[in-house]
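These notes are about the structure you will find just below.
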Amino acid sequence: MSALNPPSGAKRASIFNQLKARIVLLGLFVGSMWVTFLVSAALPFLHLNRHGVVPRTLSGLQGVLFAPWLHASFFHIISNTPGLLVLGWLCMWPRIANFWQATAGGMLGAGLCAWLLGSPYTVHIGASGVIFGYAGYLVAYGFYSRKFIPMLIALFVACSYGVSMLFGVLPLTPGVSWQSHLGGAIGGILAARFFHQNHPQRL
């Protein structure tokens, strides 16, 4: 019996370390957005939000990387936080690499779509495009994997976020970057598709 204890203990330690790594990573990722917002609010003369996506301008391309960390108000960032935490956490399974794939797909898709389709003289900021990227990634990941847990997660995301995603990608609400939402969702889906094509056995 005692021979079974070390493997069991090692397994528990491995699970704990995996959970800890994901909690720390997600906390740092979302926390960095809050720090950026607080700095922007405390030091408004820095005009950090001007570094968002400015459609069809060369300088506005920097926003593809910076926009997710920039938010217009407390309500803006507090609205995005639950989606980042819940969907970001789900994207971390079974591997943290999935999270980075979904994040990259959402960021690039949201930023480039806003840059191409956004109205002139506007600035697109916020992490909602990344959230749409996570949702698109999770739904597509479940579809491509054909495995029970990913498909269950995809169903949960579709039922929980499907309606808001549908309305979010339509130009219905003034001041809301539907272009970022649409691009983020497409980017997340393409990221899942790309991973499936290159690593089909890992899904």
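With the first letter of the sequence shown counted as 1, position 161 gets the number 161 in the UniProt record's numbering; the numbers rise by one all the way through. Using N, Cα and C, we set each Cβ at its ideal position, and we do this for glycine too.
Residue nearest to residue i in terms of C-alpha spacing, selected from the options
| i | options | result |
| --- | --- | --- |
| residue 196 | 44, 102 and 71 | 102 |
| residue 73 | 147, 8, 40 and 82 | 40 |
| residue 183 | 171, 106, 150 and 191 | 106 |
| residue 180 | 109, 48 and 29 | 109 |
| residue 165 | 128, 147 and 142 | 128 |
| residue 57 | 111, 159, 187 and 22 | 111 |
| residue 160 | 189, 82 and 174 | 82 |
| residue 150 | 69, 87, 42 and 80 | 87 |
| residue 133 | 178, 147, 36 and 43 | 178 |
| residue 80 | 96, 31 and 113 | 31 |
Chain D within 8 Å of residue i, Cβ atoms only
| i | result |
| --- | --- |
| residue 186 | Of the protein chains in the structure, only one exists, and it is not chain D. |
Continuous alpha helix (DSSP H) stretch holding residue i: start and end
| i | result |
| --- | --- |
| residue 195 | 178-198 |
| residue 76 | 74-91 |
| residue 67 | First-last for residue 67: undefined, no H or E at that position. |
| residue 109 | 96-117 |
C-alpha distance - residue i paired with residue j, whole-angstrom precision
| i | j | result |
| --- | --- | --- |
| residue 15 | residue 121 | 49 Å |
| residue 59 | residue 50 | 10 Å |
| residue 176 | residue 156 | 25 Å |
| residue 3 | residue 94 | No answer about residue 3 holds up, because its pLDDT of 49 lies below 50 and its placement is not dependable. |
| residue 24 | residue 140 | 26 Å |
| residue 77 | residue 18 | 27 Å |
| residue 9 | residue 91 | 27 Å |
| residue 104 | residue 191 | 8 Å |
| residue 138 | residue 154 | 6 Å |
| residue 118 | residue 135 | 22 Å |
| residue 98 | residue 198 | 13 Å |
| residue 64 | residue 53 | 6 Å |
| residue 47 | residue 152 | 43 Å |
| residue 142 | residue 22 | 20 Å |
| residue 89 | residue 26 | 7 Å |
| residue 33 | residue 145 | 31 Å |
| residue 189 | residue 38 | 32 Å |
| residue 174 | residue 12 | 50 Å |
| residue 55 | residue 116 | 6 Å |
| residue 68 | residue 186 | 16 Å |
| residue 70 | residue 147 | 36 Å |
Bridge partners - residue i, DSSP secondary structure assignment
| i | result |
| --- | --- |
| residue 124 | 53 |
Complete alpha helix (DSSP H) runs within the stretch 137-181 (minimum length 4 residues, chain order): Within the stretch 137-181, the complete alpha helix (DSSP H) runs of at least 4 residues are 148-168.
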